[in-house]
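S.K.: The structure's right below; bear with me while I get my questions together.
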Amino acid sequence: MAQRFKMRPMFVATLALSVALQNPIQIWDVPITPEVTFRMERNSTENTNSFGLLLDPKTVQLNVALAGGTIYDDSTFNGRTTLSKIIEQTNASGGINADFFQWGDDPGGDPSGAMLNLGKLLSRPTKGGRADAIGWDSNTVMSLLDLDWEASVSIGTQIIPIDDINARSDDSEVILHTTDAAHFYATTPQTAIYLQAPDTHLTTNSTNALTIKSIKTTQSKAQIPKGEWVLTMPTTKFDILTKPQIGDQISIKINITGLDSNKVTNVIGGGPDLVVNGIPQSFPTTDSFAETKHPRTAIGSTANGKIWLVVVDGRQSQSVGIKLNDLATKLRDWGCTQAMNLDGGGSSSINFFQTVLNKPSAGSERAIANAITFNIPPVRPQSSNRLSIANPETTISVKQTTMLTANMTPVIWTAQGNAWIDQSGTLHPLKPGKATITATTRDTSTSIEITITE
3 MAQRFKMRPM FVATLALSVA LQNPIQIWDV PITPEVTFRM ERNSTENTNS
53 FGLLLDPKTV QLNVALAGGT IYDDSTFNGR TTLSKIIEQT NASGGINADF
103 FQWGDDPGGD PSGAMLNLGK LLSRPTKGGR ADAIGWDSNT VMSLLDLDWE
153 ASVSIGTQII PIDDINARSD DSEVILHTTD AAHFYATTPQ TAIYLQAPDT
203 HLTTNSTNAL TIKSIKTTQS KAQIPKGEWV LTMPTTKFDI LTKPQIGDQI
253 SIKINITGLD SNKVTNVIGG GPDLVVNGIP QSFPTTDSFA ETKHPRTAIG
303 STANGKIWLV VVDGRQSQSV GIKLNDLATK LRDWGCTQAM NLDGGGSSSI
353 NFFQTVLNKP SAGSERAIAN AITFNIPPVR PQSSNRLSIA NPETTISVKQ
403 TTMLTANMTP VIWTAQGNAW IDQSGTLHPL KPGKATITAT TRDTSTSIEI
453 TITE
C-alpha cells in the first residue's frame, strides 16, 4: 500500500520522513494552487521517481505549442527548443514534452504524429496507417483518437497524392508546406511551387483553392513567405505534369478520419494508448520499446474530467525508468480512465512556473518539437514575505541525507545536479559535486547551491 501525504503544515514533512523506511511506495500531494496539485511518488522497490500535475479543466486552459512557434527555423536545432523555453515563449504556467520527432543525422522540429492547435493543422497523423493521438475540445473534454488521413492536389485535370505536410522533402515525395512551417528543407533539390493562400492556416477536412505565385527549380532550402504555402516535388514528377503556369488555380484537399473537427480543437500525437475505458493496456514482452525501462511521459484524464500530466524519471541511479505495462497500471492507479504515452527518454520533462520538476536523464533538458502546456488564472501573492530555504547546510557528505525546510507552505521541492529531493524536503546526495535545490510556491521560487563531498 502506498503511503500518501498532503503537504500542508510543516509537521507533515517530518512525518513523511519518519515513515519513509516503512513504505516502499510514498506519494506526496502538494496543492500548489486551487487548480493544480503536484504529485511525487517514490517507489523504492522499483527504484523510480514519478512526477505529476493534476489539472482542473474548469479553470485551467490546456494548449499545444510548437517549439518556437513554427515547424522549422534557422537555429542550431532546426525548429526545436527546450520545454522551459516553450513555456517562456508562450507565457504558459507549465507543461510537459509531447510528441516524438525526427531524430538522427538531421533532427528538426517536425512532430512525428498529428498536431492540431485551435483548429490549425500543423502536422499530419503518423505516416503508414492509423495513428494514436489524444485530443480535447474547448471545454478540455479529452478523448483518445485513432486517426488516418489522405491529401491530394488538383492541377488542371491531374490529381496527385500529397505524401506529407510540413515535413522534410525527400527525392520521391510531394510535400505541402504551410506558413506554419516557416521553412522547408529537402534532401535533394526540388521543384517548389509557391502558392498564394487565401488563409494562412490549413484546417482538417478542407478543400483549399490557391493561386500559383511562382515556380522555382532546384531548391533544397527556403523560407516560406507569410501568406504563402509551398508545394515541393521531385523535378521528375513536375516534368510529367501539364505545365502549371503562374496565375493558375490549383486545389488542395485534405481529409482526416477518426476526428470530429467540429468539436476537437487540439490534438497531439504519440502512443501507444495506455489506459482505455479504465483498463490498463497490455504490451507484449517481446516488444523491446515496451519492456525496456525508460524515462516516460504520459497524459491522461480521470472519470471526473481532471487531467494528469505525468513523467517518470529513468536512466539514473535514483530512478531507473519504467516499462509501458507498469506505466499503464500507474496511470490507472492514479485515477485515469484514459491515457496515452508520449515521447520519453531524454525528452521527458515536466515544468511548472519555469521550474523543471523532474531530473531529465541527460542532466539537462533536451530540445523538443512540441509540448502540451497549460495556463492557470492569475494567482494572488501567497505572502508578503520573501520565500527562503531555512538554515541550509551549504556542504554535505555524499553519505549524508539532509532535511530542508522553507518559510512558506506548501512548496514543491526540486533538485538538479548531483542530488535528488523528495517532497518531505529530504535531500539525497548522489555523488560528489554540486546540486541546485529549488523551493517553488504558487507565485515564486528560490534556489540554493549545495556542495557534496566524499
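Per this note's numbering, the sequence shown starts with residue 3, numbered consecutively.
Ideal placement from N, C-alpha and C gives every residue a C-beta, glycine not left out.
Tell me the DSSP secondary structure of Q91 in three-state form.
M.R.: By 1-based counting over the sequence shown, the position of residue 91 is 89. Reduced to three states, the DSSP call for Q91 is helix.
S.K.: Quick check: the region 158-169 against the region 217-226, are there 3 or more CB pairs under 8 Å?
M.R.: No contact exists between the region 158-169 and the region 217-226.
S.K.: Once the 5 residues before and after G427 are set aside, which same chain residues still bring their CB inside 7 Å of it?
M.R.: Against the sequence shown, residue 427 aligns to sequence position 425. Closer than 7 Å at the Cβ level, and outside the excluded window around G427, lie A15, M405, L406, T407 and W415.
S.K.: Could you tell me if I195 is buried or exposed, where buried requires 16 or more neighbouring beta carbons within 10 angstroms of its beta carbon?
M.R.: Taking the first residue of the sequence shown as 1, we reach residue 195 at position 193. With 16 or more Cβ atoms within 10 Å of its Cβ, I195 is classed as buried.
S.K.: Assign G110 to buried or exposed, taking buried as 16 or more other Cβ atoms, counted over all protein chains shown, within 10 Å of its Cβ.
M.R.: Counted from its first residue, the sequence shown places residue 110 at position 108. Under this definition G110 is a buried residue.
S.K.: Within the same chain, show all residues whose beta-carbon is closer than 6 Å to that of E37, passing over the 5 residues directly before and after it, in chain order.
M.R.: Position 35 of the sequence shown, counted from the first residue, corresponds to residue 37. Excluding positions up to five away in sequence, the list reads D58, T61, V62 and I378.
S.K.: Around the Cβ of S290, are there at least 16 other Cβ atoms within 10 angstroms (buried) or fewer (exposed)?
M.R.: What you label residue 290 is simply residue 288 of the sequence shown in a count that begins at 1. Exposed, because fewer than 16 other Cβ atoms sit within 10 Å of the Cβ of S290.
S.K.: Decide if the region 278-292 is in contact with the region 359-372; the criterion is three or more beta carbon pairs, one per stretch, under 8 Å apart.
M.R.: No, the region 278-292 does not touch the region 359-372.
S.K.: Excluding sequence positions up to five away, which residues of its chain have a Cβ less than 7 Å from the Cβ of T209?
M.R.: As a first step, residue 209 must be located in the sequence shown, where it is residue number 207. Around T209: S253 and K255.
S.K.: On the three-state DSSP scale, how would you describe S86?
M.R.: Position 84 of the sequence shown, counted from the first residue, corresponds to residue 86. Reduced to three states, the DSSP call for S86 is helix.
S.K.: Suppose the cutoff is 7 Å on Cβ atoms and the five residues either side in sequence are ignored; what does the same chain contact list for I89 look like?
M.R.: For the purposes of this step, residue 89 is identified with residue 87 of the sequence shown, where counting begins at 1. Cβ neighbours of I89 beyond the five flanking positions: G96, G97, N353, Q356 and T375.
S.K.: Alpha helix (DSSP H) containing D328: first to last residue?
M.R.: To locate residue 328, count along the sequence shown from 1; it is residue 326. Unbroken alpha helix (DSSP H) run through D328: L326 to D335.
S.K.: Which residues does DSSP list as the beta-bridge partners of R41?
M.R.: Counting from one through the sequence shown, the residue named residue 41 turns up at place 39. Partner(s): D31 and G54.
S.K.: So what's A69 in DSSP terms, helix, strand or just coil?
M.R.: On the sequence shown, position 67 is the one that residue 69 refers to. Residue state, collapsed to three classes: helix.
S.K.: Express the C-alpha separation of P431 and C338 in angstroms, rounding to a whole number.
M.R.: Translated into positions along the sequence shown, residue 338 becomes position 336. Translated into positions along the sequence shown, residue 431 becomes position 429. Taking the straight line from one Cα to the other gives about 33 Å.
S.K.: What are the complete beta strand (DSSP E) segments, minimum 3 residues, inside the region 170-231?
M.R.: Runs found: 177-179, 185-198 and 208-225.
S.K.: Looking only at its own chain, which residues have a Cβ that is under 7 Å from the Cβ of I226, when we skip the five neighbours before and after it?
M.R.: To locate residue 226, count along the sequence shown from 1; it is residue 224. Once the five neighbours on either side are set aside, the close Cβ partners of I226 are H179, T181, A183, A184, H185, F186 and V232.
S.K.: Could you check how far apart the C-beta atoms of I439 and I398 are, in whole angstroms? I think they sit under 8 Å.
M.R.: As a position in the sequence shown, residue 439 is number 437, starting the count at 1. As a position in the sequence shown, residue 398 is number 396, starting the count at 1. 11 Å between Cβ atoms; not a contact.
S.K.: With respect to the alpha helix (DSSP H) encompassing D250, which residues constitute its N-terminal and C-terminal limits?
M.R.: Within the sequence shown, numbered from 1, the residue matching residue 250 stands at position 248. Run containing D250: none; DSSP gives neither H nor E here.
S.K.: Which residue comes first and which comes last in the alpha helix (DSSP H) that contains T238?
M.R.: The residue given as residue 238 occupies position 236 in the sequence shown. Counting along the chain, the alpha helix (DSSP H) containing T238 begins and ends at T237 to D241.
S.K.: Starting from F376 and walking both ways along the beta strand (DSSP E), at which residues does that stretch end?
M.R.: On the sequence shown, position 374 is the one that residue 376 refers to. Note, F376: beta strand (DSSP E), N372 to N377.
S.K.: Could you tell me which of A69, M342 and G307 sits nearest to A135, measuring between CA atoms?
M.R.: Along the sequence shown, one-based indexing puts residue 135 at 133. Checked all of A69, M342 and G307; the closest Cα to A135 is M342.
S.K.: Is the Cβ-Cβ distance between E456 and P434 less than 8 Å?
M.R.: Residue mapping note: residue 456 aligns to position 454 of the sequence shown, counting from 1. Residue mapping note: residue 434 aligns to position 432 of the sequence shown, counting from 1. In this structure, P434 lies closer than 8 Å to E456 by Cβ.
S.K.: Which residues does DSSP pair with T304 in a beta bridge?
M.R.: Residue 304 sits at position 302 when you count from the first residue of the sequence shown. Looking at the DSSP assignment, T304 forms a beta bridge with C338.
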